[in-house]
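J.: Numbering (this note's numbering), first residue to last: 3 to 411. All C-beta atoms, glycine included, are put in the ideal place defined by N, C-alpha and C. Just so we're clear, the structure is a prediction, and the values are computed from it rather than from any experiment.
And the structure:
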């Protein structure tokens with residue numbers, strides 16, 4: 003049985019939190035509800051007290067000079083902080099370290115796993131500020147239960163509805179069952195983001211990769227106990243706590259960083275969108291514009307995934323090798339071909355022509371292509387996709403002996 007702090011914030015989805023509390027209790031857990039002032043406008047504290055048989059916490063300060071500092075006491079005793087619904091305001095507080103009420107103070111004080119279930123108007127959910135806050139939280143290791151789509155209380159139709167209570171409870175159960183040691187003793191190198199190929203000191207050739215998929219993979223691998231090296235191209239993301247971060251800019255930089263660290267890794271996941279071509283002769287000074295056309299000569303960059311796959315005794319040096327394939331047509335066919343050509347164990351393929359998945363968005367839909375077949379992963383949060391990729395990676399590692407690794411907290 004676990005002690006779960008259930009944070010309830012001010013949205014219409016607060017009524018579903020009652021069913022979440024009931025579901026957690028049915029599974030044998032002890033639940034303490036924490037309500038924001040706005041949440042009380044939707045559901046009364048008495049409802050949660052009747053279900054949890056515990057006093058609901060609604061105030062930052064308790065009466066009495068000698069009373070416990072309650073958010074510190076709870077922070078040190080809970081097994082999980084679950085916030086459902088999590089409003090845009092709450093996400094902003096968590097992401098930026100604000101602690102002006104009990105729930106936000108508890109978030110900053112606890113070292114227990116944190117899971118959030120966002121719920122809000124669809125335009126709010128899609129707003130860049132909210133997306134950035136979610137990215138920050140995912141990078142810190144916060145688990146996200148993606149909102150559903152459909153008719154919202156505001157009358158709009160779209161994404162933003164609080165996930166169904168049974169789905170939130172199931173996600174919490176998976177986390178509580180603990181996958182924090184499933185990659186203990188394993189060393190995992192993950193590449194993320196784009197590469198920038200300089201034309202001159204001002205201009206470059208790049209791509210639309212945000213790095214979110216790779217950072218989500220790194221965060222999930224860390225949660226499973228792996229020692230993670232994150233080789234990152236230029237991004238605006240905050241690296242997950244505990245990862246060894248190597249920042250690079252160009253494809254040549256990434257090639258060097260990966261090849262220097264490849265030996266000794268249990269798995270390498272090449273999720274970065276590495277440029278296939280680079281300017282043959284970058285200019286040392288800014289190229290001045292004129293009225294005529296400009297010819298840019300490009301040369302091929304080094305094939306990092308292929309070079310890894312062709313390493314002598316690769317299976318002993320790098321037991322599991324995972325590549326990505328960003329395609330716009332015949333996605334699975336190209337991925338199957340790439341799997342063989344590159345000597346990889348798995349290719350994660352996605353259709354980057356979609357506006358709702360892939361580059362520079364929070365969701366993804368992929369196919370996991372292996373020698374054993376193809377598994378389709380439908381559209382969902384990149385954190386959820388990352389978990390499924392690592393679940394499959396763990397199957398490859400079962401028969402592989404763990405290398406010596408210094409596991410980071």
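Compute the distance between the beta-carbons of residue 2 and residue 289, then report whether it is under 8 Å.
T.: Nothing in the structure corresponds to residue 2, since the chain is present only between 3 and 411.
J.: Tell me which residues share the same chain as residue 386 and place their Cβ nearer than 7 Å to its Cβ, disregarding the 5 neighbours each side in the sequence.
T.: 148
J.: Identify every run of the beta strand (DSSP E) within the segment 183–234, keeping only runs that are complete inside it and at least 3 residues long; order them along the chain.
T.: Qualifying beta strand (DSSP E) stretches, in chain order: 189–194, 229–234.
J.: Expressed to the nearest angstrom, what Euclidean distance is found between the alpha-carbon atoms of residue 298 and residue 253?
T.: Between residue 298 and residue 253, the C-alpha separation is close to 18 Å.
J.: For the segment 185–192 and the segment 212–230, state whether three or more C-beta atom pairs, one from each stretch, are separated by less than 8 Å.
T.: Cβ pair count under 8 Å is three or more, so yes.
J.: Between 361, 371, 359, 314, which has its C-alpha nearest residue 340's C-alpha?
T.: 371
J.: For residue 70, does the three-state DSSP call read helix, strand or coil?
T.: Caution is warranted here: a pLDDT of 44 is assigned to residue 70, below 50, making its placement in the model unreliable, and the coordinate value is therefore given only provisionally. Residue 70: coil per DSSP, three-state reduction.
J.: Whole angstroms is fine: what's the gap from residue 15's alpha carbon to residue 375's?
T.: Those two C-alpha atoms are separated by around 40 Å.
J.: Going along the chain, which residues of its own chain have a beta-carbon closer than 7 Å to the beta-carbon of residue 71, five neighbours each way excluded?
T.: Only weak support exists for where residue 71 lies, its pLDDT of 48 falling under 50; the value from the coordinates is given anyway. Nothing meets the Cβ criterion.
J.: From residue 67 to residue 132, what distance separates their C-alpha atoms?
T.: In this predicted model, residue 67 has a pLDDT of only 40, less than 50, meaning its place in the structure is not dependable; the value taken from the coordinates is given anyway. Cα-Cα distance, rounded: 38 Å.
J.: Does residue 39 pass the burial test, meaning 16 or more other C-beta atoms within 10 Å, or should it be called exposed?
T.: When all chains shown are included, residue 39 counts as exposed.
J.: Counting Cβ pairs closer than 8 Å, one from the segment 201–216 and one from the segment 50–64, do we hit at least three?
T.: no
J.: Quick check on residue 287: buried or exposed, where buried means 16 or more other Cβ atoms within 10 Å of its Cβ?
T.: exposed
J.: Please state whether DSSP places residue 167 in a helix, a strand or coil.
T.: helix
J.: I'd like the span of the alpha helix (DSSP H) that includes residue 302, first residue to last.
T.: Careful: residue 302 lies outside any alpha helix (DSSP H), inside the beta strand (DSSP E) at 300–302.
J.: How far does the beta strand (DSSP E) with residue 249 in it reach, from first residue to last?
T.: 246–249
J.: Are residue 311 and residue 349 closer than 8 Å when you measure CB to CB?
T.: no
J.: With distance defined between alpha-carbon atoms, name the residue in 166, 119, 4 nearest to residue 79.
T.: 4
J.: Figure out for me which residue from 307, 281, 309 has the closest Cα to the Cα of residue 296.
T.: 281
J.: Mind checking which residues open and close the beta strand (DSSP E) that includes residue 382?
T.: 375–383
J.: Look at the alpha carbon of residue 122 and the alpha carbon of residue 262, and state the distance between them as a whole number of angstroms.
T.: If I take the Cα positions, the gap works out to 45 Å.
J.: For the segment 12–94, list the beta strand (DSSP E) runs that are entirely contained and at least 3 residues long, ordered along the chain.
T.: 32–37, 82–88
J.: I'd like to check one pair, residue 99 with residue 135: are the Cβ atoms closer than 8 Å?
T.: no
J.: Does residue 168 pass the burial test, meaning 16 or more other C-beta atoms within 10 Å, or should it be called exposed?
T.: By the neighbour-count rule (16 or more Cβ atoms within 10 Å), residue 168 is not buried but exposed.
J.: With a CB to CB cut of under 6 Å and the five nearest residues on each side skipped, what residues in its chain are close to residue 192?
T.: 216, 219, 220, 232, 271
J.: Who are the near neighbours of residue 69 in its chain, counting only those whose CB is closer than 8 Å to its CB and skipping five residues on each side?
T.: With a pLDDT of only 40 at residue 69, under the threshold of 50, the placement of this residue in the model should not be trusted; the figure read from the coordinates follows. The answer is none, since no qualifying residue turns up.
J.: Take residue 173 and list the residues in its own chain whose beta-carbon comes closer than 6 Å to its own, dropping the five residues that flank it on each side.
T.: 147
J.: Measure the beta-carbon distance from residue 12 to residue 44 and round it to whole angstroms, keeping in mind my assumption that it falls under 8 Å.
T.: 7 Å
J.: Would residue 276 and residue 197 be called neighbours here (beta carbons separated by less than 8 Å)?
T.: yes
J.: May I have the straight-line CA-CA distance separating residue 124 from residue 382, to the nearest angstrom?
T.: Rounded to the nearest whole angstrom, the C-alpha separation of residue 124 and residue 382 is 15 Å.
J.: Is the CB-CB distance between residue 354 and residue 328 below 8 Å?
T.: Result yes, Cβ atoms of residue 354 and residue 328 sit closer than 8 Å.
J.: Could you work out which residue in 362, 246, 108, 366 is closest to residue 237 when comparing CA atoms only?
T.: 362
J.: For my contact list, residue 202 and residue 284 are in at a C-beta cut-off of 8 Å; report their separation, rounded to the angstrom.
T.: 6 Å
J.: In angstroms, rounded to a whole number, what distance separates the CA positions of residue 83 and residue 239?
T.: 24 Å
J.: At a Cβ threshold of 8 Å, is residue 203 touching chain B?
T.: Judged by its chain identifiers, the structure shown contains no chain B, having just a single protein chain.
J.: Pull up the CB-CB distance for residue 389 and residue 222, whole angstroms please, since I reckon it's below 8 Å.
T.: 5 Å
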